[in-house]
Every structure is written in C-alpha cells, then in structure tokens.
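Residues are numbered in my numbering as their position in the sequence shown, beginning at 1, plus a constant of 14. We put the beta carbon where it would ideally sit given N, CA and C, even for glycine. Small disclaimer: the values here were computed from a predicted structure and weren't measured. Structure first, commentary second.
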Amino acid sequence: MNILHLFASRHWGGGEQYVFDLASRQMEAGHRLTLVSGDSKIIREKVAPLGCRYYTLKNRWHFNPFSIVALRRIMAREQIAVAHAHQFRDAFIAVLAAQLLPAARRPKIVMTRHMISRGKNNFLYRYLYRHLDRLIFVSAIAQREFLLGATVAPDKTAVVHNSVIPQRRPATTDYRAQFTGGGRLLAGFIGALSPPKGVELLLDAAERLREKNVVFLLAGTGEDAYVNFLREQIRVRRLPVFLLGFLDNPHAFAAQMDVGVLPSLWREPFGLSILDFMSMGVPVITSNTGGQVEFVENEKTGLLVAPAVDAVAAALTRLLADENLRHSLGENARQAFAQQFAYPIFYDKIMAIYGD
15 MNILHLFASR HWGGGEQYVF DLASRQMEAG HRLTLVSGDS KIIREKVAPL GCRYYTLKNR
75 WHFNPFSIVA LRRIMAREQI AVAHAHQFRD AFIAVLAAQL LPAARRPKIV MTRHMISRGK
135 NNFLYRYLYR HLDRLIFVSA IAQREFLLGA TVAPDKTAVV HNSVIPQRRP ATTDYRAQFT
195 GGGRLLAGFI GALSPPKGVE LLLDAAERLR EKNVVFLLAG TGEDAYVNFL REQIRVRRLP
255 VFLLGFLDNP HAFAAQMDVG VLPSLWREPF GLSILDFMSM GVPVITSNTG GQVEFVENEK
315 TGLLVAPAVD AVAAALTRLL ADENLRHSLG ENARQAFAQQ FAYPIFYDKI MAIYGD
C-alpha cells in the first residue's frame, strides 16, 4: 500500500514521534511510505534514516492553492492510496488536493485528532467532514469533546489509543550511579517543558519533598525563556531537580526511575510519555483530568491525582516510602501495557481503518 503522512509541525514532539513510529512499522511491513512536512531541518534529519520519499510544503495553510496543487502532484506521482493527516489544516489541504485527482485515483483521507477541544461546525468544516474517510481520536474523552461541537457521521469516527515502541538500546548514561548516592530515589518526567505540563507544580512538589531523599530528573525541551526561568527557580530555591534536555532513548531513561511523574495541568488528549514508564514497569503518578484515566487504573497500574501540589506531593511521599507498592504498581503497569496498549495492537487497529 502506498501511504502518505503529513507532519503537523515543523518541530519534534509527541505527535511527530507518533508519525515516525507508525511510518517505520508500515515500512517494515512492506508498505511504501511518503512523508510530507513544512520546511523543517529537524524533521528532515529525523526521517532521513527511514530512506522513504520525503517532500516539504512551504507556507501551508488551509486553502493555499500552491500547497494544494503541490500535494496533488505528490499524490499522483507516488500513487497514494491513503493520506494520513494529523491536524485539520493538513486535512483541508489533503482533501482539496485529492478532489483535483480523477475519482478512481483519489486516496482515502484519514486524520488523527491529537487534541481535546470542541469541533467546529461551520460550512467549511462540514465540507471537510463529508470528505474525510475516517477521523481517529487518541482517546474517548477527545472524541466526546469534539462531538459536542461538530456533526460527523458516527461511522466515520474511531478511538485508537496511542502506543509507543519500547527501545531496547542500552542506556548511555547510568542515572542511578550519577544521582542516587546516599540511597536517593529517582522521580522522572518525560515531556515538553511548558506550563501546561505542570512543570512548575513538579518544582513545588520537589521543594515539599526536599528532606525525602529523592532527586527529580526532567527529560525534555521547551522555549528557551521558560527553560531559563526553570533553571533560575531550581538554582535560587536549591531544588533537587535536574534538567536533562532532549533524550533520544526515553525508555532507557524511564527504566532507571523509581517513579514517573506527569502532573499535567491541562487535559492531556492521551499522555504518551506515561506509556514510556508503564512499558518499563515503572509506576506512574499522573493527573486525573485527561485521557490518562482511560489507561491508568488508579491504585492498580498507577496513581491518579488532582493536578495540585498537595496531591502530587502526597502521592510521591507514599510511593517513595513503599517499595512493595512501587513494585506491584509497576508490574501491573507492565502487564497492562503488554496486554492492552502494545504497539502491535495499536498498529493493527490503524491498518484496519486504512483498509476498511
């Protein structure tokens, strides 16, 4: 099958990793992949090892005729059977590009919705919904919220929970040797360093737990001004927190943690990095407000708490003091990932949507 993916952003984050992992597996299965993005150095470098066709579209917006015609040419040249978009701007371009092709050569247009927000229902979006073949949501809460505002045929929507591909590359850094002197425990965070992710809440929790012999390791990047603000907070308040930057092997990092903490203030559409910890058998503490509640079972595979410093600090204190609880939650999380959220399960569901 000839498949085309449109990267939603020119930066690299969870959505881009989602596309990369899916494209990689599709190529392994013998499908022919074409990737399209805006003009982006990091995406170009990241996808180069795949060896698939890669195109850039400059100045993408919903009705840019140059982007539409350019994508139509790509679809025709690569004989695309399925075009998979990951935000509505690109879905508009894909739908309009496909309409310029003869009916017999139009690809199926699929979109994955990676956000929680009410859908728009003006005449332009109603046109889009009519011409989308399938609309995938990464969580049921994302689907419910979207359908409060948009009218979409029920048989066009589906919920497919995200997954991750656990990397088995050995760790290049021994975080336990580096940070656990004196019997200290490690609390890890993986994600964007941004206010909605609850990073400042995590700093406040670290201050509360200063005497609990725990070190907080934060893996991820963010806007320079905000990262500098965090560094200054850590320095002035003398917090046991270290910013590690972007890690290309998050599973090796997660496997060395005693607990994963993801205290998002916003409603996560899914919370992909939680699966990084679960797949490695590490217990997680996360907010009870978003898509996490669909795959973290409170008191069984992790702890769901209110996104508030008191609740997060209390959960951390409890887990860090109870090794048996950490082990049982972590092992249950590992089993839940393997049985319900492993990548082959996700992949089969996506490919079934492509082929139905």
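Residue i, DSSP secondary structure in three states
{"i": "Val-296", "result": "coil"}
{"i": "Ala-266", "result": "helix"}
{"i": "Lys-363", "result": "helix"}
{"i": "Thr-331", "result": "helix"}
{"i": "Ser-301", "result": "strand"}
{"i": "Asn-242", "result": "helix"}
{"i": "Met-41", "result": "helix"}
{"i": "Val-61", "result": "helix"}
{"i": "Leu-257", "result": "strand"}
{"i": "Arg-252", "result": "coil"}
{"i": "Ile-123", "result": "strand"}
{"i": "Asn-312", "result": "strand"}
{"i": "Leu-207", "result": "coil"}
{"i": "Leu-371", "result": "There is simply no residue 371 to check, as the chain begins at 15 and stops at 370 in what is shown."}
{"i": "Arg-140", "result": "helix"}
{"i": "Leu-339", "result": "helix"}
Unbroken beta strand (DSSP E) run spanning residue i, endpoints
{"i": "His-19", "result": "16-20"}
{"i": "His-98", "result": "96-99"}
{"i": "Ser-51", "result": "46-51"}
{"i": "Val-173", "result": "171-173"}
{"i": "Leu-199", "result": "199-204"}
{"i": "Leu-276", "result": "273-276"}
{"i": "Phe-230", "result": "228-233"}
{"i": "Phe-151", "result": "148-151"}
{"i": "Leu-132", "result": "In the sequence as displayed, the identity of residue 132 is Arg instead of Leu. Looking at the DSSP string, Arg-132 is not in any beta strand (DSSP E), and its letter there is neither H nor E."}
Supposed contact pair residue j and residue i - C-beta distance, whole angstroms, cut 8 angstroms
{"i": "Leu-216", "j": "Phe-230", "result": "7 angstroms"}
{"i": "Tyr-189", "j": "Gln-270", "result": "5 angstroms"}
{"i": "Leu-49", "j": "Tyr-68", "result": "5 angstroms"}
{"i": "His-175", "j": "Phe-351", "result": "About 11 angstroms; that fails the 8 angstroms criterion."}
{"i": "Pro-283", "j": "Val-178", "result": "That belief does not hold up - the Cβ atoms of Pro-283 and Val-178 are roughly 15 angstroms apart, past 8 angstroms."}
Buried versus exposed, by CB contacts within 10 Å (16 or more), residue i
{"i": "Gln-157", "result": "buried"}
{"i": "Pro-79", "result": "exposed"}
{"i": "His-128", "result": "buried"}
{"i": "His-341", "result": "exposed"}
{"i": "Gln-349", "result": "exposed"}
{"i": "Val-250", "result": "exposed"}
{"i": "Ser-293", "result": "buried"}
{"i": "Lys-122", "result": "buried"}
{"i": "Ser-131", "result": "exposed"}
{"i": "Ile-56", "result": "exposed"}
{"i": "Thr-300", "result": "buried"}
Interface flag, residue i vs chain B, CB-CB below 7 angstroms
{"i": "Thr-187", "result": "Protein chain content of the structure displayed is limited to a single chain, and chain B is not contained in it."}
Among the options, nearest to residue i - alpha-carbon criterion
{"i": "Pro-264", "options": "Gln-31, Ala-329 and Gln-93", "result": "Gln-31"}
{"i": "Thr-112", "options": "Glu-345, Leu-18 and Ala-185", "result": "What sits at residue 112 in the sequence shown is Ala, not Thr. Among Glu-345, Leu-18 and Ala-185, the Cα nearest to that of Ala-112 belongs to Leu-18."}
{"i": "Ala-335", "options": "Asn-227, Ala-322, Tyr-69 and Phe-137", "result": "Asn-227"}
{"i": "Thr-70", "options": "Ala-320, Arg-144, Ser-81 and Glu-313", "result": "Ser-81"}
{"i": "Phe-260", "options": "Met-292, Phe-203, Gly-344 and Glu-311", "result": "Phe-203"}
Enclosing alpha helix (DSSP H) for residue i [first to last residue]
{"i": "Ala-220", "result": "213-222"}
{"i": "Ile-155", "result": "154-161"}
{"i": "Ala-84", "result": "79-92"}
{"i": "Arg-190", "result": "189-193"}
{"i": "Arg-103", "result": "102-113"}
Near the ligand FMN: residue i beta-carbon under 6 angstroms from a heavy atom
{"i": "Phe-80", "result": "The ligand FMN is not part of the structure shown, which contains no ligands of any sort."}
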